[in-house]
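A short worksheet on the structure shown next.
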Amino acid sequence: MPELPEVEVVRRGLAENVVGRTLTDVELRGHRVSRRHVLGPQHLRERLAGRRVSAARRRGKYLWLDLEDSVGLILHLGMSGQLLIEPAAAPDEKHLHARFRFADGGPELRFVDQRTFGGLALGDLDARGVPTTIAHIAPDLLEPEFDRDAVVRRVTSKHSAIKRVLLDQSVVSGIGNIYADEALWRSRVHGERLASRLSRPRVAAILDHAADVMREALDQGGTSFDALYVNVNGASGYFDRSLAAYGQEGRPCPRCGTPIRRERFMNRSSFSCPRCQPRPRAVAGPRVLPSSARR
DNA sequence: CGTTCATCCTGAGAGC
DNA sequence: TGCTCTCAGGATGAAC
């Protein structure tokens, strides 16, 4: 259930434990884990054997291992994916989908994913070293290519709710449901306000808050990282202690004490402070369609 | 074209 | 104990 900070923790784990090593055998269980690799799991296996991992990279929530010759192994954790570094003797996890063995005979890399929304694929890298198959994913808030002014203009051009835009990975990547709610809370903006009706400074502030909350999560998540255990839950301690809005329904807003509310939006939960983040009036409110009222 | 919706999965926890 | 229902931090193709 990772967003940018959690994925970055995983990337660091890969950099520490996998970069510099050469793949020998890759075991793929079932075809679903490699469904994004159009040439099929067998092709993927063959192409990976003997390749050396030269870097572990990330854009937003996407990870990829640089395999030299401008080829990368793209990894996405989806909602429940984990990458684990473990001794070969460790018992298989229940939802183990891929196992990577290395020429040095050291610990193996495993991809474990309960809900199987995640997966992996091989892809060509462009001149900047980014997989061409994720060209539609915008730079994330923490990378040098992120162009704040351009993104602010793009956001304010959208005729859509601000939270929806923050979650749109083609506008800015890395933000998920948690950090969207936290950034909006810090900005005192309700997620259903229309992006095109927010001022540019306001949008800039939302993006800055999103970057801040992610950096803070990263700081905390990075400290409890076990070198031999690359875990998407590496930043989980952060969630318990530091979230102001997300998951805090009924608890007092840290700013004004008003109980945090929970609302349905985009078929998922949104948390906000009723006082600090008043709902927009009619124009940007939810369109209540009688047919969608029941499922 | 831009925006929104339904859908892919499994398991945990609540309520009955 | 077991059933049903709701919920979960994501991304996509297809529909509007």
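Read in order, the letters of the first sequence are residues 3 to 297 in my numbering.
We put the beta carbon where it would ideally sit given N, CA and C, even for glycine.
Note that this is a predicted model, so its numbers are computed, not measured.
query, result
"Which residue wins for smallest C-alpha separation from L65, given the options L127, R202, E184, R23?", "L127"
"If we count Cβ pairs, one from each stretch, closer than 8 Å, do we get three or more for the region 67-81 versus the region 111-121?", "yes"
"Is the Cβ-Cβ distance between L124 and R49 less than 8 Å?", "yes"
"Could you please give me the residues that DSSP links to P261 through a beta bridge?", "P254"
"Quick one, which of E251, S159, R61 has its alpha-carbon nearest R13's?", "R61"
"Would S172 and S198 be called neighbours here (beta carbons separated by less than 8 Å)?", "no"
"For A229, count neighbouring Cβ atoms within 10 angstroms of its own Cβ and tell me buried if that reaches 16, exposed if not.", "Residue placement at A229 cannot be trusted, given a pLDDT of 36 that sits under 50; the coordinates are not used to answer."
"Secondary structure at G223, three-state DSSP: helix, strand or coil?", "helix"
"Buried or exposed: where does K165 fall if 16 or more other Cβ atoms within 10 Å of its Cβ makes it buried?", "buried"
"Is T24 helix, strand or coil by DSSP?", "strand"
"Give me, in chain order, the residues of the same chain whose beta-carbon lies closer than 7 Å to that of V73; leave out the 5 immediate sequence neighbours on both sides.", "L124, D126, L127"
"Could you pull the DSSP bridge partners for G121 from this structure?", "H78"
"Restricting to Cα atoms, I'd like to know which of T260, S162, H99 is closest to G193.", "S162"
"Roughly how many angstroms lie between the CA atoms of R101 and C278, to the nearest whole one?", "48 Å"
"Which residues bound the alpha helix (DSSP H) around E184?", "179-189"
"Using the Cα positions of P276 and E8, report the straight-line distance between them to the nearest angstrom.", "29 Å"
"My output table needs one value for D214: the three-state DSSP class, helix, strand or coil.", "helix"
"Grab the span of the alpha helix (DSSP H) containing L98 for me, first residue to last.", "Premise fails: L98 lies in the beta strand (DSSP E), 98-104, not in any alpha helix (DSSP H)."
"Please report the straight-line C-alpha distance between E1 and E70, rounded to a whole angstrom.", "Here the chain comprises residues numbered 3 to 297, so residue 1 is not present and cannot be evaluated."
"Out of S175, V132, T135, A129, which one is the CA nearest neighbour of D149?", "S175"
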